[in-house]
Amino acid sequence: MSAAVSLRARSARALSWWPAWLLGLLVLAAIFAPWLAPMDPDRQNLLARLKDPGFETRGATYWLGSDELGRDVLSRVIHGARVSISVAVLSVLLSGAVGVAVGMLAGYLRGWVETVLMRLVDIFLSIPAILLAIITVAVLGPGFVNVILVLALTRWPRYARVAYGQTLAIADRPFVRLSRAMGAGTPRVLWQHILPNIAGPLLVVATLEFGLMVLFEAGLSFLGLGVQPPMASWGAMLSVGRNYIATAWWIATFPGLALFLLVLSANMLGDRMGDVIGKGR
Amino acid sequence: MSLLAVEDLSVQAGPLSLVDGVDLDIRPGEVVALVGESGSGKSLTALSIMGLLTEGLSVTGGQIRLDGTPLTPARLQRLRGQDLAMIFQEPVSSLNPLMPVGAQVAESLVAHGRATPQEAGREAVEMLRRVGIPEPERRARQLPAELSGGMCQRVMIAAALISRPRLLIADEPTTALDVTIQAQILALMGELAAEAGTAVLLITHDMGVVAELADRVCVMYGGRVVEQAPVGPLFAAPRHPYTAMLLRTIPRLDDPPKEELFVIRGNVPSPRDWPEGCRFRSRCPRATEACRSRPALEGDDHRVACFHPMETP
Ligand SMILES: Nc1ncnc2c1ncn2[C@@H]1O[C@H](COP(=O)(O)OP(=O)(O)OP(=O)(O)O)[C@@H](O)[C@H]1O
Ligand SMILES: [Mg+2]
Chain W
571 MSAAVSLRAR
581 SARALSWWPA
591 WLLGLLVLAA
601 IFAPWLAPMD
611 PDRQNLLARL
621 KDPGFETRGA
631 TYWLGSDELG
641 RDVLSRVIHG
651 ARVSISVAVL
661 SVLLSGAVGV
671 AVGMLAGYLR
681 GWVETVLMRL
691 VDIFLSIPAI
701 LLAIITVAVL
711 GPGFVNVILV
721 LALTRWPRYA
731 RVAYGQTLAI
741 ADRPFVRLSR
751 AMGAGTPRVL
761 WQHILPNIAG
771 PLLVVATLEF
781 GLMVLFEAGL
791 SFLGLGVQPP
801 MASWGAMLSV
811 GRNYIATAWW
821 IATFPGLALF
831 LLVLSANMLG
841 DRMGDVIGKG
851 R
Chain Y
5 MSLLAVEDLS
15 VQAGPLSLVD
25 GVDLDIRPGE
35 VVALVGESGS
45 GKSLTALSIM
55 GLLTEGLSVT
65 GGQIRLDGTP
75 LTPARLQRLR
85 GQDLAMIFQE
95 PVSSLNPLMP
105 VGAQVAESLV
115 AHGRATPQEA
125 GREAVEMLRR
135 VGIPEPERRA
145 RQLPAELSGG
155 MCQRVMIAAA
165 LISRPRLLIA
175 DEPTTALDVT
185 IQAQILALMG
195 ELAAEAGTAV
205 LLITHDMGVV
215 AELADRVCVM
225 YGGRVVEQAP
235 VGPLFAAPRH
245 PYTAMLLRTI
255 PRLDDPPKEE
265 LFVIRGNVPS
275 PRDWPEGCRF
285 RSRCPRATEA
295 CRSRPALEGD
305 DHRVACFHPM
315 ETP
């Protein structure tokens, strides 16, 4: 009886983490894209252009239809997950590393370092992110690496803010003073004693930012400023599919749906983690 | 020569003076007790010595020397965890909640690169054994939350003494603990320090502890030292009226109190309200007009800052 109850409770708890499961599934799809995708995402077939979902030809099935060049939409959506997720992960890592370093240094060293760094953060935060991104891409040029750099450049201040506030709160705790009394220098105090203790909130921000980065990448690619063809990108697919929305709705709809699910799962997961951490306090 | 020499130390928070001209000497291997009521500047004096004052506080005057050489920030960074160690009042919150206690005991060795993490880990286990923690190998892998307050205090002592420092500053190391284990832990600390030849600056409210552990006593009031003497003479014949009052606060088993347990009249004034001249004069039964100017700390071995010291019997 009680075993059944606890089993139900446990599965309820596992279910309440569905955003994590969905996100995990999408990440797996991205990792194993070459094996999962039924066709080569770049192979064109001019005889099978703009076909409906479920269209069959010579043993191959276009489950989600084909696009204007006869490429398989399903395969392109799966490979698009790769682009989206790798751009998002790399830009989160890069902006996170920069932002966390800046925020921790400002919060721990205080004084003029704090003034200079946090003023810089304020300046960056006062520029609308998407505008800054568009301007820098226009200067650097589009492409996979540049998109990551641009996203990192625009997003690090958010990590800096969070890391700064958290570090201020932790730096006065007695254990930090004890580690200094034991001879730990600034790098050791920051890395060994402060960072692990502020990792929770930073992880929440990183998860929420991941969703945002997916959207930003799609937005840039939609505008033609992101990753370049023939690389499959959801944003680029949306942009092309828009022209065919009346005749071939599937070209834009499925990448749009994938984008929606990925962003949704990241945001819900971030919120959920935030709740848990909040409760832990 | 003295190991540590503090001369005319002043600490301020902005314009507000919190520690005002403190002199303090510690010789190698001796235990010096720093006593005084809450707010008298004991912790600030200790933190100044370690170079660990928090943001907003600064040393505005005086000199602190170790082995006759001034302690600069760079030298302090080298000495903390080697020749200098400090332990604090709150044993549980003074440990990193996410780091196994073994690693925290090894901190000073690793921070100074004096041992590989493996060697340091082995030494930490050995040190945990010496401070009386059962099953040290298993305990070393646990987090502070899995240990009791008393055990955490033992961990902190182990961490402080693993580098065999020449000076240990212990800021009310047992006030947060259960009365029954306070004495035990203090005795342990005294024993281990004596073994390693470590001098101890012991900050405490507890005159009973002072009588038991200290070689010399330094009494602070209102951010200044009012009396400094070897423990015997100080207890036998305190010269400063404040010290005399402090001593009367000790309950004595052999001499049951005729009056209620003695409490010093009035409150410690906050640093903003310290009077001109002798700062104790607002609570002192012997105060006169002369006390409006500042008394100097005078004497050789038994030094006192008072215009009307208690008569020696
Ligand atoms: N950051 C600060 N800013 C302003 N005043 C401070 C600050 N830190 C301490 N003080 C004040 O300095 C005085 C001395 O503080 P200190 O901590 O040295 O006292 P203490 O003798 O250690 O007392 P206790 O026995 O309560 O630990 C106190 O009145 C305290 O309020
Ligand atoms: Mg104190």
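Chains as they are written, first to last, in my numbering: chain W, 571 to 851; chain Y, 5 to 317. Backbone N, C-alpha and C fix where the C-beta goes; we use that ideal spot for every residue, glycine too.
Proximity test, residue 176 of chain Y beta-carbon vs ligand 2 heavy atom, cut-off 7 Å: One-based indexing of the second sequence puts residue 176 of chain Y at position 172. Result yes, Cβ under 7 Å from ligand 2.
Supposed contact pair residue 752 of chain W and residue 124 of chain Y - C-beta distance, whole angstroms, cut 8 Å: Working through the second sequence from its first residue, we reach residue 124 of chain Y at position 120. Working through the first sequence from its first residue, we reach residue 752 of chain W at position 182. So it is not a contact: roughly 12 Å between Cβ atoms.
Residue 100 of chain Y classed as buried or exposed, judged by whether at least 16 other C-beta atoms fall within 10 angstroms: Here the question's residue 100 of chain Y lines up with position 96 in the second sequence. Buried is the call here.
Among Y:78, Y:86 and Y:254, nearest to residue 202 of chain Y - alpha-carbon criterion: On the second sequence, residue 202 of chain Y is found 198 positions in, with the first residue counted as 1. Taking only the C-alpha atoms, the option nearest residue 202 of chain Y is Y:86.
Per-residue contacts from residue 86 of chain Y into chain W (C-beta, under 9 Å): Residue mapping note: residue 86 of chain Y aligns to position 82 of the second sequence, counting from 1. Those within 9 Å of residue 86 of chain Y in chain W are 753.
C-beta neighbour in chain W for residue 132 of chain Y, strict 8 Å: For the purposes of this step, residue 132 of chain Y is taken as residue 128 along the second sequence, with counting starting at 1. It does not: the Cβ of residue 132 of chain Y has no partner Cβ on chain W nearer than 8 Å.
Rounded separation between residue 120 of chain Y and residue 108 of chain Y - CA only: Taking the second sequence and counting its residues from 1, one reaches residue 120 of chain Y at position 116. Taking the second sequence and counting its residues from 1, one reaches residue 108 of chain Y at position 104. In a straight line, the C-alpha of residue 120 of chain Y is about 14 Å away from that of residue 108 of chain Y.
N-terminal and C-terminal residue of the alpha helix (DSSP H) that residue 237 of chain Y is part of: Residue 237 of chain Y sits at position 233 when you count from the first residue of the second sequence. Here the alpha helix (DSSP H) through residue 237 of chain Y covers 235-240.
Segments assigned beta strand (DSSP E), at least 3 residues, entirely inside the segment 603-637 of chain W: 625-627 and 630-632
Residue 707 of chain W and residue 785 of chain W closer than 8 Å at C-beta: Here residue 707 of chain W corresponds to residue number 137 of the first sequence, with the count starting at 1. Here residue 785 of chain W corresponds to residue number 215 of the first sequence, with the count starting at 1. Their beta carbons are not under 8 Å apart, which means residue 707 of chain W does not touch residue 785 of chain W by this criterion.
Euclidean distance between Cα positions of residue 579 of chain W and residue 127 of chain Y: The residue labelled residue 579 of chain W in the question sits at position 9 within the first sequence. The residue labelled residue 127 of chain Y in the question sits at position 123 within the second sequence. In a straight line, the C-alpha of residue 579 of chain W is about 45 Å away from that of residue 127 of chain Y.
Within 8 Å, strictly: CB atoms of residue 279 of chain Y and residue 286 of chain Y: Taking the first residue of the second sequence as 1, we reach residue 279 of chain Y at position 275. Taking the first residue of the second sequence as 1, we reach residue 286 of chain Y at position 282. Yes; because the gap between Cβ atoms is below 8 Å, this pair is in contact.
heavy atom of ligand 1 below 7 Å from residue 226 of chain Y C-beta: Working through the second sequence from its first residue, we reach residue 226 of chain Y at position 222. False, no ligand heavy atom lies under 7 Å from that Cβ.
Per-residue contacts from residue 163 of chain Y into chain W (C-beta, under 8 Å): Along the second sequence, one-based indexing puts residue 163 of chain Y at 159. Per Cβ cutoff of 8 Å: 748 and 752.
Buried versus exposed, by CB contacts within 10 Å (16 or more), residue 293 of chain Y: Counted from its first residue, the second sequence places residue 293 of chain Y at position 289. Looking at its Cβ environment, which holds fewer than 16 other Cβ atoms inside 10 Å, residue 293 of chain Y is exposed.
Local Cβ density within 10 Å of residue 636 of chain W, reported as buried at 16 or more and exposed below that: As a first step, residue 636 of chain W is located in the first sequence; it is residue number 66 there, counting from the start. Buried: at least 16 other Cβ atoms inside 10 Å.
Residue 581 of chain W (DSSP reduced to helix, strand or coil): Taking the first sequence and counting its residues from 1, one reaches residue 581 of chain W at position 11. The answer is helix: DSSP assigns residue 581 of chain W an H, G or I state.
Proximal residues to residue 687 of chain W (C-beta, below 7 Å), its chain only, five neighbours per side dropped: The residue given as residue 687 of chain W occupies position 117 in the first sequence. Once the five neighbours on either side are set aside, the close Cβ partners of residue 687 of chain W are 672, 675 and 676.
As assigned by DSSP and simplified to three states, the class of residue 750 of chain W: If you number the first sequence from 1, residue 750 of chain W lands on position 180. DSSP places residue 750 of chain W in helix when its eight states are reduced to three.
6 Å CB neighbourhood of residue 640 of chain W in its chain, flanking five on each side removed: Translated into the one-based positions of the first sequence, residue 640 of chain W becomes position 70. Correct list, in chain order: 614, 615, 616, 618 and 619.
Buried or exposed (CB count within 10 angstroms, at least 16 for buried), residue 602 of chain W: In the first sequence, the residue the question calls residue 602 of chain W occupies position 32. When all chains shown are included, residue 602 of chain W counts as exposed.
Start and end residues, beta strand (DSSP E) containing residue 692 of chain W: As a working note, residue 692 of chain W is residue 122 in the first sequence. Here residue 692 of chain W belongs to no beta strand (DSSP E); instead the alpha helix (DSSP H) covers 681-696.
Where residue 90 of chain Y meets chain W, residues with beta-carbon distance less than 7 Å: Here the question's residue 90 of chain Y lines up with position 86 in the second sequence. Simply 751.
Contact belief for residue 774 of chain W with residue 666 of chain W at Cβ below 8 Å, rounded distance in angstroms: In the first sequence, the residue the question calls residue 774 of chain W occupies position 204. In the first sequence, the residue the question calls residue 666 of chain W occupies position 96. Between residue 666 of chain W and residue 774 of chain W the Cβ distance is about 12 Å, and since that is not below 8 Å, they are no contact.
Local conformation of residue 707 of chain W per DSSP, three classes: By 1-based counting over the first sequence, the position of residue 707 of chain W is 137. Of the three classes helix, strand and coil, the one that applies to residue 707 of chain W here is helix, per DSSP.
Chain Y contact for residue 744 of chain W (CB, 8 Å cutoff): The count along the first sequence starts at 1 and reaches residue 744 of chain W at position 174. Yes, contact with chain Y.
Below-8 Å beta-carbon distance, residue 111 of chain Y vs any chain W residue: Here residue 111 of chain Y refers to the residue found at position 107 when the second sequence is read from its first residue. At least one chain W Cβ lies under 8 Å of residue 111 of chain Y.
The segment 116-144 of chain Y: positions lying closer than 7 Å to chain W by Cβ: 116
heavy atom of ligand 2 below 7 Å from residue 97 of chain Y C-beta: If you number the second sequence from 1, residue 97 of chain Y lands on position 93. No, the Cβ of residue 97 of chain Y stays beyond 7 Å of every heavy atom of ligand 2.
heavy atom of ligand 1 below 7 Å from residue 270 of chain Y C-beta: Position 266 of the second sequence, counted from the first residue, corresponds to residue 270 of chain Y. Result no, Cβ not under 7 Å from ligand 1.
Environment of residue 122 of chain Y [buried if 16+ CB atoms lie within 10 Å]: Locating residue 122 of chain Y in the second sequence gives position 118, where the first residue counts as 1. Burial call: exposed.
Cβ of residue 771 of chain W within 8 Å of any chain Y Cβ: Position 201 of the first sequence, counting from 1, holds the residue named residue 771 of chain W. So, not an interface residue.
Terminal residues of the beta strand (DSSP E) in which residue 818 of chain W lies: Numbered from 1 along the first sequence, position 248 holds the residue referred to as residue 818 of chain W. First-last for residue 818 of chain W: undefined, no H or E at that position.
Under 8 Å by beta carbon: chain Y residues contacting residue 763 of chain W: As a position in the first sequence, residue 763 of chain W is number 193, starting the count at 1. Here the neighbours are 100 and 103.
Residue-level contact to chain W via CB, residue 94 of chain Y, 8 Å cutoff: Translated into the one-based positions of the second sequence, residue 94 of chain Y becomes position 90. Judged by the 8 Å Cβ criterion, residue 94 of chain Y is in contact with chain W.
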